[in-house]
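Residue numbers (the working numbering), protein chains in the order written: chain A, 3 to 115; chain B, 71 to 181. Everything on this sheet refers to the single structure shown next.
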Amino acid sequence: DTGVSQNPRHKITKRGQNVTFRCDPISEHNRLYWYRQTLGQGPEFLTYFQNEAQLEKSRLLSDRFSAERPKGSFSTLEIQRTEQGDSAMYLCASSPKDKNIQYFGAGTRLSVL
Amino acid sequence: SQKIEQNSEALNIQEGKTATLTCNYTNYSPAYLQWYRQDPGRGPVFLLLIRENEKEKRKERLKVTFDTTLKQSLFHITASQPADSATYLCALGAGGFKTIFGAGTRLFVKA
Numbered sequence: 003d004t005g006v007s008q009n010p011r012h013k014i015t016k017r018g019q020n021v022t023f024r025c026d027p028i029s030e031h032n033r034l035y036w037y038r039q040t041l042g043q044g045p046e047f048l049t050y051f052q053n054e055a056q057l058e059k060s061r062l063l064s065d066r067f068s069a070e071r072p073k074g075s076f077s078t079l080e081i082q083r084t085e086q087g088d089s090a091m092y093l094c095a096s097s098p099k100d101k102n103i104q105y106f107g108a109g110t111r112l113s114v115l
Numbered sequence: 071s072q073k074i075e076q077n078s079e080a081l082n083i084q085e086g087k088t089a090t091l092t093c094n095y096t097n098y099s100p101a102y103l104q105w106y107r108q109d110p111g112r113g114p115v116f117l118l119l120i121r122e123n124e125k126e127k128r129k130e131r132l133k134v135t136f137d138t139t140l141k142q143s144l145f146h147i148t149a150s151q152p153a154d155s156a157t158y159l160c161a162l163g164a165g166g167f168k169t170i171f172g173a174g175t176r177l178f179v180k181a
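Structure follows, in structure tokens:
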């Protein structure tokens with residue numbers, strides 16, 4: 003297993019455009035997390051899934067953000083009508099059943115111009 | 071309000087010395103606390119987990135303590151090496167499987 007994979011690694015977009023990121027977790031990990039990280043800060047919780055169910059979503063997440071995990075395997079995070087304030091590193095992590103350890107991907111760096 | 075505080079100033083130490091990083095929290099009652107390491111441009115990597123009923127945990131040169139009365143965890147790296155230079159993140163179990171991270175402390179180990 004090669005670990006958590008995120009694509010793309012970098013995304014540059016213009017303000018107002020929609021972007022979609024993909025996360026492939028470690029196989030058989032049933033939980034999947036999305037975080038946002040800005041320079042000098044720790045990862046900020048966005049949402050998490052247990053299998054295909056989205057169990058919690060941060061209040062900080064506006065209605066422009068949506069995440070899916072349709073078959074309980076890979077997940078996508080979409081940001082609609084991007085704003086400059088959305089520029090950040092978006093991290094995905096997965097966890098095995100009944101363990102609280104998270105395995106992170108390398109992240110997708112988003113730059114909104 | 072709920073807060074997790076790590077020293078925002080970088081910690082500079084000499085190779086061979088023990089590095090001690092602090093994590094304080096308020097208005098949480100975490101069932102566990104974790105420490106992660108993050109290198110520039112990479113995702114965090116899990117190091118240690120300590121549960122609320124544990125006082126101390128060790129792994130090789132790493133040691134973590136957890137004081138639920140003081141609401142504090144200390145993370146120690148003994149015999150530090152330049153390769154230990156990184157940002158170290160404290161993370162709390164915030165209910166269910168949700169985890170909340172601190173802002174991290176940068177550690178620089180000089181040869």
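Where a beta carbon is used, it is the ideal one built from N, C-alpha and C, also for glycine. Just so we're clear, the structure is a prediction, and the values are computed from it rather than from any experiment.
Pick from the options that is closest to residue i, judged by C-alpha positions
i, options, result
"residue 72(B)", "110(B), 126(B), 146(B) and 169(B)", "169(B)"
"residue 43(A)", "151(B), 84(B) and 78(B)", "78(B)"
"residue 108(B)", "176(B), 137(B) and 128(B)", "176(B)"
"residue 115(A)", "9(A), 11(A), 20(A) and 51(A)", "20(A)"
"residue 11(A)", "101(A), 94(A) and 103(A)", "94(A)"
"residue 25(A)", "100(A), 18(A), 36(A) and 102(A)", "36(A)"
"residue 152(B)", "160(B), 127(B), 178(B) and 75(B)", "178(B)"
"residue 76(B)", "82(B), 91(B) and 181(B)", "91(B)"
"residue 17(A)", "81(A), 107(A) and 100(A)", "81(A)"
"residue 110(B)", "160(B), 156(B), 167(B) and 124(B)", "156(B)"
"residue 59(A)", "86(B), 167(B) and 81(B)", "167(B)"
"residue 143(B)", "80(B), 103(B) and 174(B)", "103(B)"
"residue 101(A)", "136(B), 99(B), 120(B) and 80(B)", "120(B)"
Neighbourhood of residue i by C-beta, 8 angstroms cutoff - its chain only, sequence neighbours within 5 removed
i, result
"residue 88(B)", "146, 147, 148, 149 and 150"
"residue 91(A)", "38, 39, 40, 109, 110, 111 and 112"
"residue 62(A)", "46 and 48"
Close Cβ partners of residue i (< 6 angstroms) along its chain, the five nearest in sequence each way excluded
i, result
"residue 164(B)", "170"
"residue 122(A)", "The displayed coordinates of chain A run from 3 to 115. Any statement about residue 122(A) would go beyond what the structure contains."
"residue 98(A)", "31"
"residue 122(B)", "101 and 138"
Sequence-distant residues of the same chain with beta carbon closer than 7 angstroms to residue i, five excluded per side
i, result
"residue 28(A)", "3, 5, 6, 96 and 105"
"residue 141(B)", "94, 95 and 96"
"residue 131(B)", "147, 148 and 149"
"residue 57(A)", "50 and 51"
"residue 173(B)", "76 and 78"
So if I threshold CB-CB distances at 7 angstroms, which residues from the region 119-132 of chain B count as touching chain A? Within the region 119-132 of chain B, the residues whose Cβ lies closer than 7 angstroms to some Cβ of chain A are 119, listed in chain order.
For the region 89-98 of chain B against the region 72-79 of chain A, do three or more pairs of beta-carbon atoms, one drawn from each stretch, fall closer than 8 angstroms, so that the two count as touching? no
Run through the region 123-163 of chain B for me and flag every whole beta strand (DSSP E) of 3 or more residues, listed as ranges in chain order. 126-129, 132-137, 142-147 and 156-163
Near-chain B residues of the region 55-75 of chain A - C-beta to any C-beta below 9 angstroms: 57 and 58
Of the residues that make up the region 12-41 of chain A, which ones have a beta carbon closer than 8 angstroms to any beta carbon in chain B? 33, 35 and 37
What are the complete beta strand (DSSP E) segments, minimum 3 residues, inside the region 44-78 of chain A? The region 44-78 of chain A contains these whole beta strand (DSSP E) runs: 46-52, 55-59 and 67-70.
Taking 8 angstroms as the cut-off, does the region 80-90 of chain A touch the region 62-71 of chain A (at least 3 CB pairs, one atom from each stretch)? Contact between the region 62-71 of chain A and the region 80-90 of chain A is present, because at least three Cβ pairs lie under 8 angstroms.
The region 79-113 of chain B: positions lying closer than 9 angstroms to chain A by Cβ: 101, 102, 104, 106, 108, 111, 112 and 113
Where are the beta strand (DSSP E) runs, 3 residues long or more, that stay fully inside the region 3-46 of chain A, in chain order? 7-9, 12-15, 21-26 and 33-39
Can you give me, in chain order, the residues of the region 137-150 of chain B that have a beta carbon less than 7 angstroms from any beta carbon in chain A? Against chain A - using a Cβ distance shorter than 7 angstroms - the region 137-150 of chain B contributes no residues.
Contacting positions in the region 165-176 of chain B - beta carbon closer than 8 angstroms to chain A: 166, 167, 168, 169, 170, 171, 172, 173 and 174
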